[in-house]
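Reading the sequence shown from the start, the letters are residues -33 to -1, 1 to 295 in mature numbering (1 follows the signal peptide of the UniProt record, and there is no 0).
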Amino acid sequence: MKHTGIDTNYKTTKMNTLKLIACLLIIANSSFGQVSGNINYQNQVRYSDNNINVSLSGNSDLIISVKGLANIKADSYVAIFTVTQVGETTTEVNELLNKRVNAVLSEISNKPDIETYVDMVSFVPVYEYEVEKKIFSSKTYNEIPVGFELKKNLHVKYKSPDFLNELISICTNSEIYDLVRVDYFSNNLEQTKSDLMKKAKTILSEKIANLQGILGTDLTTHEKQIADDYRIVYPVEMYKSYQAYSSSSLNLKKSANINQADKATTLYYQPIIDKEFDFVMNPAILEPVIQVMYEIKYRVYQEKEAKSDKEYILVTPNGDLKPINVNN
């Protein structure tokens, strides 16, 4: 048998170059240290994964990622207080609650940059049990209405964070103690997103140019894919809790009675830690802030090996020519 065909040489230089680039992209984790507090009394403290992570579909040979973080101080705040009032009649419960709320509104109405809003939460009857005594049978408990419960939320918008302490004192004078939450707002979110994008793209271009200079290859000739996204985290989402205490270890019998003291639970603000970001805007955090994360990922696909265009022909003993498909 004889084989005839045309031989074509295919270089795999670009494929090997991409593999080398992928090996060079090792990101070293920077060290992070802080003064230790009472939180270390709690074992195995774990921080939830609140970091941004943009996904790209499919497999790739090379992915270059740039992450940015911006800490934004709030421009305004909204504190929400819940007011609860119980009374025997609908008229009484309305008058009592409105008196308490109006006292707060009157005192803060002359403060600068203050806006208020009161919304209805619930208005329900309250029931108690009345005991019906019988001589020759057990007691019967009958549920009867005894009054009404009214709940409203008081929303107060302010600009200075120091005003919250004063607001709490004013509410306390009207027996309003339940501070539900404090929301943070900023007018600079869109501008911050734009600044993050510009900075990240500059760093991405520098990374690509640096790799091309080291390896002597043009990454722009390969098939590419780019994906990016933002994530915003507000302070209300970032409060954690722990209990700080030290207890003695005693070898006691299982039957021993142990009365344990109640341990106080502490809340603290834990922002996104900036150690995994390529750049941070306004890194120093003194108070709870709005945190905006941005990530851009640049993928370079591995060039697929071209199918061989060699043509192989089999010459049979009878002199017939039959083509052989070697690509399958």
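Quick reminder that beta carbons are idealized off the backbone N, C-alpha and C, glycines included. All figures in this text were calculated on a predicted structure; none of them were measured in a lab.
query, result
"Option in I143, A194, K124 with minimal Cα separation from T49", "I143"
"Contact between the segment 187 to 200 and the segment 79 to 98 (3+ Cβ pairs under 8 angstroms)", "no"
"Per-residue burial, N20 [other beta carbons within 10 Å of its own, 16 or more giving buried]", "exposed"
"M205 - DSSP class collapsed to helix/strand/coil", "coil"
"Cutoff 6 angstroms; reference P202; Cβ partners in own chain excluding five residues on either side", "Y151, P255"
"DSSP-derived helix/strand/coil call for V45", "strand"
"V259 and K160 closer than 8 angstroms at C-beta", "yes"
"Range of the contiguous beta strand (DSSP E) that encloses residue 349", "Here the chain has residues from -33 to 295 only, and residue 349 is not among them."
"Local Cβ density within 10 Å of I102, reported as buried at 16 or more and exposed below that", "exposed"
"Reduced DSSP secondary structure (H/G/I, E/B, other) of I143", "coil"
"Burial state of L29 (16 or more Cβ within 10 Å)", "buried"
"F130, DSSP secondary structure in three states", "helix"
"Cβ distance (whole Å) where S32 is taken to contact K264 below 8 angstroms", "5 angstroms"
"C-beta contact flag for V149 and Y44 at 8 angstroms", "yes"
"Proximity to S22 [Cα-Cα], best of P290, R266, N285, S136", "R266"
"The segment 121 to 131 / the segment 105 to 112 touching (three or more Cβ pairs under 8 angstroms)", "no"
"Minimum C-alpha distance to A228 - residue among A211, E59, E157, D241", "A211"
"Best match in V93, T51, E62, A231 for proximity to I111 [C-alpha to C-alpha]", "V93"
"Inter-residue spacing [alpha-carbon to alpha-carbon] between I225 and L217", "11 angstroms"
"Proximity below 8 angstroms, CB of L64 to CB of Q52", "yes"
"Start-to-end residues for the beta strand (DSSP E) that takes in L217", "No beta strand (DSSP E) holds L217; DSSP gives it neither H nor E."
"8 angstroms contact criterion, which M248 and D129 should meet: CB distance rounded", "Going by Cβ atoms, the distance from M248 to D129 rounds to 25 angstroms, so no, they are not a contact pair."
"Buried versus exposed call for K230 [16 or more other C-beta atoms within 10 Å across all chains shown]", "exposed"
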